[in-house]
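Residues 486 to 649 (my numbering) are what the sequence shown spells out, left to right. In this text, a Cβ means the ideal position worked out from N, Cα and C, and glycines have one as well. Written below as structure tokens is the structure these notes are about.
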Amino acid sequence: MLTYGGLAALGVVAYKAYGNWQKNQQGVAQHEPQTIDRLPPPQAEQHGRAILAAVIAAAKADGHIDDRERELIDQEVAKFTRDQAFIQWVDAQIKAPLDPAQIAALASSEELAAEMYLASVLVVDEESYMERSYLEELVRQLRLSPSLVDELKRQAREAEQLCQ
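Written out as structure tokens, the structure reads:
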């Protein structure tokens, strides 16, 4: 699971990929990133929930969240809050049917969509047909361009190599 610092780092990686992609687009003006650390508290919470919902959905893309995954989710949530409403929200996300369209609807910007996709890529095992299919549908629902998806995957590979 991602901590606040992990979310900020994820945002930076996604913004780097988004910025690289933007440079290759003609006539697209670049602007300051809207990473979680630059948002006011209400927007930061909404941003964090969107990323967390994407991570939870990606974790269950293989058909279930196993006991180990659930324990990790519960431990991370407990580190940051005892807010019962938030804990119930997380539980509802875990129990909800897998719906890439519903997850994509949480993306309030193209940058957040890119960040949500990147978080999902980092969670899934692309060797799994079900997880790969989920990512393909998430891309379609997020309306991400193929060139942006390629850049995000490239950044994900680089991030994974740095963590090894």
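Looking only at C-alpha atoms, which of Q573, D576, A598 and V575 sits nearest to P585?
To locate residue 585, count along the sequence shown from 1; it is residue 100. The shortest Cα separation from P585 among Q573, D576, A598 and V575 belongs to A598.
Proximity to A604 [Cα-Cα], best of E612, L623 and M615
As a working mapping, residue 604 is identified with position 119 in the sequence shown. Of the listed residues, the one whose Cα sits closest to A604 is L623.
Where does I550 sit, in a helix, a strand or coil, going by DSSP?
Numbered from 1 along the sequence shown, position 65 holds the residue referred to as residue 550. Coil at I550, not helix or strand.
Alpha carbon to alpha carbon, how far is V575 from L524? Give it in angstroms, no decimals.
Numbered from its first residue, the sequence shown carries residue 524 at position 39. Numbered from its first residue, the sequence shown carries residue 575 at position 90. Those two C-alpha atoms are separated by around 22 Å.
N-terminal and C-terminal residue of the alpha helix (DSSP H) that A599 is part of
The residue labelled residue 599 in the question sits at position 114 within the sequence shown. Per DSSP, A599 belongs to the alpha helix (DSSP H) from E595 to V608.
Coarse secondary structure for A544, derived from DSSP in three states
By one-based count along the sequence shown, residue 544 stands at place 59. Helix.
What first and last residue would you give for the alpha helix (DSSP H) that runs through P525?
The sequence position of residue 525 within the sequence shown is 40, counting from 1. Looking at the DSSP string, P525 is not in any alpha helix (DSSP H), and its letter there is neither H nor E.
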